[in-house]
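Trainee: Attaching a single structure in structure tokens format; questions to follow.
In this note's numbering, the protein residues as written are 32 to 355.
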């Protein structure tokens, strides 16, 4: 019988638990025993060790963040590091540096090695604790990422945050007002204007932005029914005025326990049923995102096929999956 999920999580937590010489000393170990233990561990920072280095870049980043907070006080995780602390996906290329913001005034922003310290202080109410990490609140984190990350990646972060029950578009707008006229605020306004809680993956966000840039009016997570009201399927993105839907790697909608064959079969059935209603569908996978122009061409071709068949709006009903 395999290990339970809780058992695996417990083992993973123990493997990433931070160890310090002073902590071992408090357990009654002498210097010789401490040296022996430390030789079997991996050093994260000077004076901070861990049993094993997590291969997942987000988990490893979180370990480095926790180690830094252990050895220096009066700082909160911020920017991309805070996004990781809140469990948001961030492109791994932005995880080389650990971002911290000073909790007290007077500290100057500086980069030293793999640490980027941002000048403080933070506004009242902009700090929270997630597990054992002192971090900026989710709303403040989105704002910081929106001012500093490249535009598309910033929207990816904002989309993920809006799917959380503890933050709303109003919260993000409030955080932006509190930020005043800081650097990057113009991009942040654009990020928040285009953020969409309907995106279920970073890939969906990227496809939506590609289509918006191409001039299409796109809606996320649209339910499609036939004229009798029978539910046919939910699509990632819909161009309502053109009777075209877009799916980003639709297999991700199914449970991990499903076989590849059953996933592909159900996906084909759903896709075909939508097309029979007069819609045209376009599938996009991750490696195709590198060529936005090609994606736009495929959408234009799908629209042309709809017009050629003379089918469309009279054969199906649509509604937003989200309330309101």
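Beta carbons: idealized from backbone N, C-alpha and C, even for Gly.
Does the region 64-75 come close enough to the region 131-145 to have 3 or more Cβ pairs within less than 8 Å?
Mentor: Counting Cβ pairs under 8 Å, fewer than three are found: no touch.
Trainee: Just tell me which of 199, 245, 217, 131 has its CA closest to the CA of residue 151.
Mentor: Among 199, 245, 217, 131, the Cα nearest to that of residue 151 belongs to 131.
Trainee: Considering only the beta carbon of each residue, do residue 280 and residue 316 sit closer than 7 Å?
Mentor: Cβ atoms of residue 280 and residue 316: closer than 7 Å.
Trainee: Helix, strand or coil: how does DSSP classify residue 232 here?
Mentor: DSSP places residue 232 in coil when its eight states are reduced to three.
Trainee: What residue from 303, 332, 259, 314 has the CA that sits closest to residue 349's CA?
Mentor: If we check each option's Cα against that of residue 349, 259 comes out closest.
Trainee: Considering only DSSP beta bridges, list what residue 160 is partnered with.
Mentor: DSSP output for residue 160 lists 165 as bridge partner(s).
Trainee: Taking only runs that begin and end inside the region 266-331, name each unbroken beta strand (DSSP E) of 3 or more residues, in chain order.
Mentor: Segments of the beta strand (DSSP E) lying fully in the region 266-331: 275-279, 311-315.
Trainee: Rounded to a whole number of angstroms, what is the C-alpha to C-alpha distance between residue 337 and residue 270?
Mentor: Distance between the alpha carbons of residue 337 and residue 270: 12 Å.
Trainee: Here's the rule I'm using: 16 or more other beta-carbon atoms within 10 Å means buried, otherwise exposed. How should residue 233 be labelled?
Mentor: The residue is buried, with at least 16 neighbouring Cβ atoms inside 10 Å.
Trainee: Whose C-alpha, out of 169, 223, 210, is nearest the C-alpha of residue 373?
Mentor: Residue 373 is absent from the structure shown; the chain starts at 32 and stops at 355.
Trainee: Can you give me the Cβ contacts of residue 287 inside the same chain, cut-off strictly under 7 Å, excluding the 5 residues immediately before and after it?
Mentor: Residue confidence is low: residue 287 scores 47 on pLDDT, short of 50, so the model does not pin down where it sits. No coordinate-derived value is stated.
Trainee: Using DSSP's beta-bridge definition, name the partner residues of residue 251.
Mentor: Looking at the DSSP assignment, residue 251 forms a beta bridge with 268.
Trainee: Return the chain-ordered list of same chain residues with a C-beta closer than 7 Å to the C-beta of residue 94, the five sequence neighbours on each side being excluded.
Mentor: Around residue 94: 47, 75, 81, 85.
Trainee: Report buried or exposed for residue 264, applying the criterion of at least 16 other Cβ atoms within 10 angstroms of its Cβ.
Mentor: Residue 264 is buried by the Cβ-count criterion.
Trainee: Taking all protein chains shown into account, do 16 or more other C-beta atoms lie within 10 angstroms of the C-beta of residue 189, making it buried, or fewer, making it exposed?
Mentor: Residue 189 should be labelled buried.
Trainee: Go to residue 91, then tell me how far its alpha helix (DSSP H) extends in each direction, as first and last residue.
Mentor: Unbroken alpha helix (DSSP H) run through residue 91: 88-102.
Trainee: Indicate the three-state DSSP secondary structure (helix, strand or coil) for residue 73 in the structure shown.
Mentor: Three-state result, residue 73: strand.
Trainee: Around the Cβ of residue 324, are there at least 16 other Cβ atoms within 10 angstroms (buried) or fewer (exposed)?
Mentor: Under this definition residue 324 is an exposed residue.
Trainee: Out of 117, 326, 52, which one is the CA nearest neighbour of residue 193?
Mentor: The shortest Cα separation from residue 193 among 117, 326, 52 belongs to 117.
Trainee: Between which two residues does the beta strand (DSSP E) holding residue 131 run?
Mentor: Residue 131 -> beta strand (DSSP E) spans 129-133.
Trainee: Using a Cβ-Cβ cut-off of 8 Å (strictly less than) and excluding sequence neighbours within five positions of residue 355, which residues of its own chain qualify?
Mentor: Low confidence applies here, because residue 355 scores a pLDDT of 43, under 50, leaving its location unreliable and the question unanswered by this model.
Trainee: Can we say the region 238-254 touches the region 212-221, given the rule of at least three CB pairs closer than 8 Å?
Mentor: In short, these stretches do not touch, since the Cβ pair count stays below three.
Trainee: Check this for me: beta carbons of residue 129 and residue 112, under 7 Å apart or not?
Mentor: Yes, they are a contact pair.
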